[in-house]
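Chemist: If you count the sequence shown from 1, position 85 lands on 85 in the numbering used here, and the numbers rise without skipping.
Built from N, CA and C at the ideal position, the CB exists for glycine as well.
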Amino acid sequence: MKELTDSAKIAFASTFSFYLKSHNFHWNVEGRDFLQYHDLFGKIYEEVYGSIDMFAEQIRGMGAYVPGSLARFTLLSEIDDETAVLDQATMVQELLADNEKLIGILKLVFKKSEENQEFGFSDFIAGRIDAHRKHGWQLRASTKEQP
Ligand SMILES: [Fe+2]
C-alpha cells in the first residue's frame, strides 16, 4: 500500500506542477494567435485544477498525508518547472511533452492501484488519464500545419 500512496503523491505533485505551468502559459502567452492559446491553456488549467481537491482527498482516503507545500511539490514532481517566458510554439510543445509524461506517471499509478484492489482510486485515475488524453489531442491539433 505504501508503494501505491508514494507513487500517488508523485502523480499528485506532478499534476499540480502541470496545472501551474498551464496557468503560467495562459498568463504569459503572446503572439498573433494570442486569444486562441490563452483560451486553450485556460481550458486546460481549469480542468486540471478542478481535479486537484479530489486527487488529494483520494490520497487521504487511502490513509496517507497529502503534500501541500511548494517545497514538497518541487521535491516530488516529475514535471520540470518552467521559469522562463517561452514563445507560443515552445509553450505548446513543452506542455504537450509534459502531458505525455504525466499520462505515463498516471498509468503507473493505475497499475499499482489495481494491484492493491483500490478500485475507486483506479476509477479516478482512469478519468485523469482520459482527461489528459483530451488535452494532448487539443494541444497536438492546435500545432498541426494546414496543407
Ligand atoms: Fe485568466
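#1: Give a single yes or no on whether G42 has its beta carbon closer than 7 Å to a heavy atom of ligand 1.
#2: Along the chain, which unbroken stretches of the alpha helix (DSSP H) at least 4 residues long are found entirely within the segment 64 to 89?
#3: What number of angstroms, rounded off, separates the C-alpha of D81 from the C-alpha of M1?
#4: Is DSSP giving E115 helix, strand or coil here?
#5: Taking the alpha helix (DSSP H) that M54 falls in, what are its first and last residues?
#6: Can you tell which of K144, G68, G104 and G120 has the C-alpha that lies nearest to the C-alpha of H132?
#7: Leaving out five residues on either side along the sequence, give the residues of the same chain with a beta carbon under 6 Å from the beta carbon of Q88.
#8: Quick check: the Cα distance between P67 and K144, rounded to an integer number of angstroms?
#9: Just to confirm my understanding: we take T5, look at its own chain, exclude 5 residues before and 5 after, and list those with CB closer than 6 Å. What are they?
#10: Verify the contact flag: H187, CB atom, against every heavy atom of ligand 1, threshold strictly below 7 Å.
#11: Given that a residue counts as buried once 16 or more other Cβ atoms are within 10 Å of its Cβ, and exposed if not, what is D98?
#12: Closer than 8 Å is the cut-off here; do at least three beta carbon pairs connect the segment 41 to 58 with the segment 110 to 117?
#13: Restricting to Cα atoms, I'd like to know which of F18, F12, S7 and K9 is closest to H135.
#14: Can you check whether the C-beta of V109 is within less than 8 Å of a C-beta belonging to chain C?
Modeler: In short:
#1: Between ligand 1 and G42, a heavy atom-to-CB distance of less than 7 Å is present.
#2: Here the runs fully enclosed are 70 to 76.
#3: 29 Å
#4: Three-state result, E115: helix.
#5: Per DSSP, M54 belongs to the alpha helix (DSSP H) from F34 to G61.
#6: Of the candidates K144, G68, G104 and G120, the one whose C-alpha sits nearest the C-alpha of H132 is G104.
#7: V29, G31 and Y37
#8: One C-alpha to the other measures close to 37 Å.
#9: Excluding residues up to 5 positions away in sequence, M62 and A64 lie with their Cβ nearer than 6 Å to the Cβ of T5 in the same chain.
#10: As displayed, the chain neither begins before 1 nor continues past 147, which places residue 187 out of reach and without an answer.
#11: buried
#12: no
#13: Comparing Cα-Cα distances from H135 to each of F18, F12, S7 and K9, the minimum goes to F18.
#14: Considering every chain present, this structure includes no chain C. It has just one protein chain.
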